[in-house]
Amino acid sequence: MPEAPVIIDVQDVSKLFRVGKVEAVALQDANLQIHDGQFVSLIGPSGCGKTTLMRLVADLIEPTSGRITVAGKSPKEARAAREYGYVFQAPALYDWRNVLANVMLPLEIMGWPKGERRARAEEMLRLVGLEGFHRSYPWQLSGGMQQRVSIARALAFDPKLLLMDEPFGALDEITREVMNFELLRLWRQTGKTVVFVTHSIAEAVFLSSHIVVMTARPGRIREIIEVDLPYPRDHETRESERFFELTTRVREALRLGKEGEGAVGGAASVGGKGAGGPAKTLAKVGY
Amino acid sequence: MAREAADGARAPAWRRALSGWVPLAVVLAVLVALMYPVALLLGLPLARTRMDNVANWVRATTTPKPLSAAPADVGAGAPAGAQLRFGGAENLTTARSVLVYGDRPVDATYDLLDGAAHLRDAVAGPLLEWGGALTGPLDARSPGDADTPADVATGAGVSEGVAGHVFALPAGRWEALYLGGRLLVPGADDAIERPDGVLATFTFPEAETGPVLVNGQLLLEGEGFEGDGRRIELRSPAPFNASVRRVSGDYAVLDAAAGTIALAEASAEAPRVATATLAVVERLVGEVDGVNRVFHLQHAPLVESDAGRRIMLEDVELSPAAERPAERVDGERKAFTFTSDRGVVTVNGAEALEGRDFGRAGPVVTFTVAPPRNAALRQYPDYVVNDPATGVITLAKPPAAGSRVWAATYTYYDHPACGSSEIECFLSMPQHPMPFPHWIAKRIPAFLTNYPLSDARNVVRATLYTAGGTLTALAFGGLLGVLLAIVFVGIRPLERALLPWVIASQTVPIIALVPVLLLLLGNAGVTVQTSLVPAALIGAYIAFFPVTVGTVTGLRSVDPLSLDLMKSYASSPLQVFWKVRFPAAVPYLFVSLKLGAAAALVGALVAETESNNRLGLGYAIVGQVQAGNVSDVWILLLISAALGIGLVALVGLLQRFTAPWERR
Ligand SMILES: Nc1ncnc2c1ncn2[C@@H]1O[C@H](COP(=O)(O)OP(=O)(O)OP(=O)(O)O)[C@@H](O)[C@H]1O
Ligand SMILES: [Mg+2]
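Protein chains in written order, with this note's numbering: chain Z, 24 to 310; chain G, 17 to 680.
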């Protein structure tokens with residue numbers, strides 16, 4: 024199996040926020056390679072820099088130090104080339120556009136022909152289960168429905184890379200499961216690369232090919248865990264022994280990160296130190 | 017959509033519509049109800065001053081009360097025990113009256129009760145002296161005259177002459193009028209309302225049936241006016257400031273200069289003049305003991321400059337004259353020369369006493385202490401009116417004990433013209449500081465149709481004109497406001513350079529700005545009196561500001577995440593503006609446009625007022641204020657308010673169509 028090319032390469036990236044005189048280290052010395060076609064989950068306590076890392080990749084903010092490459096380009100060029108679709112932590116829908124028009128927005132901006140826009144938007148809304156709500160305005164939807172519109176919007180223009188920041192946080196358990204299956208199916212079908220932020224260990228294990236465990240204050244990458252559960256994954260996967268082992272491992276990693284921050288300093292280099300071992304570890308995971 | 021349906025199911029449409037309007041209606045009703053006490057609070061003090069000011073009172077003149085019926089033999093006397101009736105003497109009593117013939121008191125005792133005198137002593141003749149007959153009727157029209165309707169002529173009138181109301185008096189002095197031997201008592205009431213040139217409905221203090229006199233012109237019921245109790249409705253409005261009277265007695269003087277009278281009832285026979293008659297007159301009240309000099313008249317307050325006042329001592333008329341000294345009162349001089357060698361002397365209105373304050377040598381009066389410089393020094397040879405308000409007079413010499421001091425005629429203020437109570441005076445005020453709402457409401461239809469729609473002065477037209485000016489102003493102001501806002505948000509340095517000036521522009525009072533603008537426009541060849549340009553410019557000038565501020569706020573109100581999203585799409589700045597910033601600013605824009613609409617209306621009204629633009633509402637308001645038509649000013653206020661509300665509602669309607677996403 025040929026090794027897939029690195030699509031996101033984060034090298035020694037730190038991000039400092041300066042609010043007045045106070046400096047906050049949101050991310051410190053982060054190293055991470057994500058290969059084409061991987062499904063990578065970021066998991067870690069609140070405020071550990073998950074969103075910051077995603078925003079750095081998306082070129083919404085610039086790193087204080089270090090280098091990021093996205094699809095072989097600088098993040099700025101990648102953004103200009105519309106390489107990624109971003110689902111924000113909050114829905115960020117436009118009040119003055121109804122559901123359909125919200126999903127069509129990126130297509131309008133990217134100059135899709137009129138007829139195609141509509142068909143594509145309707146298809147995406149069907150995918151997230153909102154067929155009946157084309158003409159509704161965002162304030163008429165529940166929080167979960169709004170988030171689904173936001174997912175549909177990110178998928179609409181078919182980006183190679185999907186950055187999803189807690190997309191299912193606002194959903195009920197059942198819908199969440201359905202959405203998990205849908206996302207997994209979509210990922211398998213299209214071969215997109217997905218970077219996925221979640222607070223649910225089970226969700227991370229169920230969906231991902233790799234899990235990046237992060238620690239807070241300062242935000243560091245502690246460990247990268249390969250999820251070697253076989254595909255296709257279904258309800259039985261969740262009951263398998265390996266599933267429990269993996270969730271336990273992730274939980275351990277999170278707990279240790281919480282206990283001794285200084286002690287696990289070395290863990291930040293697990294996914295890093297050039298394109299050596301860890302990169303290979305990542306690449307080993309095929310599908 | 018599913019939600020909307022659920023909302024709709026909550027209550028029937030009419031209930032929801034009602035629940036929206038009911039609070040508004042309640043507030044309106046409370047406001048309208050509050051206007052009543054406020055109107056009274058503001059109006060009653062004015063009514064009281066009106067009532068207290070004697071200048072606004074109806075004057076009455078007392079005259080001798082002649083015999084009610086002319087005796088058949090005027091030369092014969094009346095025996096003791098005879099009963100004589102006197103017309104109009106009902107309020108006189110024995111002690112307060114004097115029996116006179118001509119200007120001479122009659123030496124006979126009598127008892128007077130209810131206008132009838134019971135003679136205790138015989139009275140020598142004559143009791144009456146006839147003068148000539150009046151000429152007329154002057155307004156007689158023959159029954160055959162088809163052009164003008166005939167008077168109600170009796171059957172006898174046709175053969176003997178035609179009946180009429182107007183007669184001319186013969187030359188010379190006269191004391192009483194008799195018609196067929198019966199005394200004619202004069203009497204007329206003034207209308208309570210003051211004729212303003214438009215008013216045709218008038219009210220009188222009492223319900224009457226006589227003809228109406230307008231400026232010396234006789235109007236008959238059914239011809240010149242319709243009567244209904246106390247109110248009359250003239251066929252044509254009374255001229256401005258005309259005297260509107262109604263005959264309440266047997267006759268009234270129609271035209272004093274021409275010497276004509278108007279009878280209450282038409283007569284073919286002419287009345288006759290009596291040059292002297294036995295009469296009862298008012299006696300002055302006070303001790304006649306040879307010492308007392310102070311008396312008072314039975315009616316007060318007196319009209320001060322009353323040329324017709326005649327006070328009599330026995331058969332001698334007392335002079336009302338007031339003499340000034342020949343010398344100047346310089347503060348040092350003590351001796352002053354008057355015309356007469358007798359009289360009451362006053363210094364600054366206070367009486368100086370002979371012997372104590374001054375000594376007299378004929379017409380020369382010498383004070384013991386020099387009167388102060390420029391003091392008013394007067395000598396009244398016969399009597400002085402001490403106090404017109406109470407009707408007290410002081411005679412120069414005390415009348416001899418038992419002599420009779422009486423008043424032949426004098427004029428006094430009888431009662432307030434506006435009515436007998438404060439409320440009546442309030443109701444009859446020609447203008448109220450704040451009219452009752454229902455009075456305003458009643459005037460609305462007339463006000464709206466005062467002029468035909470083709471006339472530029474028609475209020476509906478004026479309203480539409482001003483609405484046009486305001487909308488033009490709002491369009492320009494809104495456009496300017498939005499453009500400025502876009503520039504400010506797009507180019508920060510420009511905002512720093514311009515914003516202070518924009519704020520400063522709003523601190524210039526438009527009242528001061530408009531004349532300058534009008535001069536500029538006038539020089540540029542615009543006829544400001546008929547042009548919409550001043551209203552549009554000034555309206556735009558004050559409307560753009562809230563639009564700028566609101567739109568800037570709106571453009572900056574965009575959620576940062578929305579901008580991040582646009583950034584992630586690598587969208588162009590133009591796309592960001594049209595797809596995010598502008599739509600996000602729309603709700604703010606509409607709120608500020610509503611504010612702008614109200615501001616533009618103010619600007620348009622001020623501009624119209626100051627440019628004397630007769631086509632607009634602003635000029636009408638000022639015109640009515642100057643004319644003092646309070647009700648009309650209120651109506652115009654209501655119209656302006658309705659216009660303002662209408663314009664704001666129009667903006668709201670526009671919002672509904674252009675921004676349907678907003679939650680309601
Ligand atoms: N714009 C900013 N200015 C200042 N500090 C910031 C900014 N954005 C993030 N931070 C800080 O950086 C740290 C990391 O924030 P980040 O949003 O990446 O956390 P997170 O891992 O996404 O947390 P959560 O799971 O709660 O979303 C936080 O401590 C936060 O306070
Ligand atoms: Mg986050």
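Cβ atoms here follow ideal geometry from the backbone N, Cα and C, with glycine treated the same way. Note that the structure is a prediction, hence the values are computed from the model and not measured.
query: Among G:Pro562, G:Arg477, G:Leu495, whose alpha-carbon lies nearest the alpha-carbon of G:Gly634?; result: G:Arg477
query: Which residue wins for smallest C-alpha separation from G:Ala491, given the options G:Gly570, G:Phe183, G:Leu553, G:His431?; result: G:Leu553
query: Using the C-alpha atoms, what's the distance from G:Leu50 back to Z:Met127?; result: 57 Å
query: Taking the beta carbon of Z:Ser69 as the centre, do at least 16 other beta carbons fall within 10 Å, making it buried, or is it exposed?; result: exposed
query: Relative to the C-alpha of G:Val301, which residue among G:His312, G:Thr291, G:Leu294 is closest?; result: G:His312
query: State the DSSP-derived secondary structure class of Z:Asn7, mapped to helix, strand or coil.; result: What the structure shows of chain Z is the stretch from 24 to 310, and residue 7 of chain Z is not part of that stretch, so it cannot be assessed.
query: Please list, in chain order, the residues of the stretch 574-604 of chain G that have any C-beta partner in chain Z closer than 8 Å.; result: Asp575, Leu577, Ser578, Asp580, Leu581, Met582, Lys583, Ser584, Tyr585, Ala586, Ser587, Gln591, Lys595, Val596, Pro599, Ala600, Val602
query: What does a CB cutoff of less than 6 Å around Z:Ala286 pick up in its chain, not counting 5 residues either side in sequence?; result: Its pLDDT being 38, under 50, Z:Ala286 is placed unreliably by the model, and nothing is read from it.
query: Just checking: is the beta-carbon of Z:Asp118 within a distance shorter than 7 Å of some beta-carbon in chain G?; result: yes
query: Which of helix, strand or coil does DSSP assign to G:Tyr52?; result: helix
query: Comparing alpha-carbon positions, which option in G:Tyr52, G:Gly566, G:His315, G:Leu44 lies nearest G:His454?; result: G:Tyr52
query: So that I know if they touch, is there some Cβ in chain Z lying closer than 7 Å to that of G:Trp650?; result: no
query: In terms of DSSP beta bridges, what is Z:Thr238 paired with?; result: Z:Arg243
query: For G:Ile519, is the classification buried or exposed, using 16 other Cβ atoms within 10 angstroms of its Cβ as the cut-off for buried?; result: exposed
query: Which same chain residues, not among the five before or five after G:Pro446, have their C-beta less than 8 Å away from its C-beta?; result: Glu209, Arg210, Asp212
query: With DSSP as the reference, label G:Phe504 as helix, strand or coil.; result: helix
query: Alpha carbon to alpha carbon, what distance is there between Z:Glu131 and Z:Phe204?; result: 29 Å
query: Are Z:Ala53 and Z:Ile248 close, meaning C-beta to C-beta below 7 Å?; result: no
query: Give the straight-line distance between the Cα atoms of Z:Ser223 and Z:Val172, rounded to the nearest whole angstrom.; result: 21 Å
query: What does the alpha-carbon distance come out to for the pair G:Asp305 and G:Val421?; result: 12 Å
query: Quick one: complete alpha helix (DSSP H) runs, 4+ long, within the stretch 529-577 of chain G?; result: 549-572
query: Take G:Pro432 as the anchor and find which of G:Arg64, G:Leu57, G:Asn107, G:Ala45 has the nearest alpha-carbon.; result: G:Arg64
query: Considering only residues of the same chain and omitting the five flanking positions on each side of Z:Ile91, which have a CB-CB separation below 8 Å?; result: Ile31, Asp32, Val33, Gln34, Val36, Leu79, Val80, Ser97, Pro98
query: For Z:Ala81, return the contacting residues in chain G, with the cut-off set at a CB-CB distance below 7 Å.; result: Ser584
query: Is G:Trp37 close to chain Z? Criterion is C-beta to C-beta, closer than 7 Å.; result: no
query: With DSSP run on the structure shown, which of helix, strand or coil describes G:Gly97?; result: coil
query: Can you list, in chain order, the residues of its chain whose CB lies under 8 Å from that of G:Gly769, leaving out five sequence neighbours each side?; result: The requested residue 769 of chain G does not occur in the structure, where chain G is confined to residues 17 to 680.
query: Could you name the residues of chain G that Z:Pro129 contacts, counting a contact when the two beta carbons are closer than 8 Å?; result: Tyr585
query: Among all the DSSP beta bridges, which residues are the ones paired with G:Met328?; result: G:Glu333, G:Trp422
query: Which parts of the stretch 92-139 of chain G are runs of the beta strand (DSSP E), unbroken and 3 residues or longer, counting only runs that do not cross its ends?; result: 99-101, 113-117, 126-129, 132-135
query: For G:Ala9, go through chain Z and note every residue whose CB falls closer than 8 Å to its CB, in chain order.; result: Past the boundaries of the shown model lies residue 9 of chain G; chain G is included only from 17 to 680, so the question cannot be answered.
query: For a contact meaning CB atoms closer than 9 Å, what does Z:Ile132 contact in chain G?; result: Met582, Tyr585, Ala586, Ser587, Ser588, Gln591, Lys595
query: With a threshold of 8 Å, are at least 3 pairs of Cβ atoms found where one atom belongs to the stretch 107-115 of chain G and the other to the stretch 84-92 of chain G?; result: no
query: Does the Cβ of Z:His258 have 16 or more other Cβ atoms within 10 Å, making it buried, or fewer, making it exposed?; result: exposed
query: Less than 6 Å separating the Cβ of Z:Lys183 from some heavy atom of ligand 1?; result: no
query: Which value, in whole angstroms, describes the spacing of the CA atoms of G:Ile277 and G:Ser113?; result: 29 Å
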